[in-house]
Amino acid sequence: MKPIAFLGDSLDRLRDFPEDARSQAGHQLNEVQNGTDPDDWKPMKTVGPGVREIRIREESGAFRVIYVATLPDAVLVLHAFQKKTQATPRRDIDLAASRLRAWKG
């Protein structure tokens, strides 16, 4: 099982999710740690190569966790947020991309 590294405030943001969304996110990240695809995801090529987004929907809204699982020794969580519009807001994409760039050094 790969360890998870949370970049920036992504862990705090994930902890702010409502209980059901937080539980679903934890389960899906556990799947990723074990090398399995989450139930609902899509590639986020605009953030960077190998970046994916876990999609969670529950009664209080839509939630997203942007991560990279292609590294041999870790899963990087770049960003976690509640999605309020159909399109992913540019600021959330830019934030995830800047964290990935900073991590790469």
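Take 9 as the starting number for the sequence shown in the working numbering and just add one per residue. C-beta atoms are modelled at their ideal positions from N, C-alpha and C, and glycine is treated no differently. Since this is a predicted model, take the numbers as computed values, not measurements.
Taking all protein chains shown into account, do 16 or more other C-beta atoms lie within 10 angstroms of the C-beta of residue i, making it buried, or fewer, making it exposed?
i          : result
residue 61 : buried
residue 77 : buried
Provide the residue span of the alpha helix (DSSP H) that contains residue i, from first to last.
i          : result
residue 39 : 27 to 41
residue 19 : 18 to 23
Using CA atoms only, rank isn't needed, just tell me which of the options is closest to residue i.
i          : options       : result
residue 11 : 24, 42 and 20 : 42
residue 13 : 97, 24 and 40 : 40
Indicate the three-state DSSP secondary structure (helix, strand or coil) for residue i in the structure shown.
i           : result
residue 103 : helix
residue 108 : helix
Output the boundary residues of the beta strand (DSSP E) element that contains residue i.
i          : result
residue 69 : 69 to 76
residue 85 : 83 to 91
residue 51 : 49 to 51
residue 59 : 59 to 66
Open item on the list: Would the stretch 44 to 60 count as touching the stretch 14 to 25 if we require 3 or more Cβ pairs under 8 Å?
Closed with: At 8 Å Cβ cutoff, the stretches do not touch.
Open item on the list: Would you call the stretch 23 to 37 in contact with the stretch 94 to 106, where contact means no fewer than 3 C-beta pairs closer than 8 Å?
Closed with: No, the stretch 23 to 37 does not touch the stretch 94 to 106.
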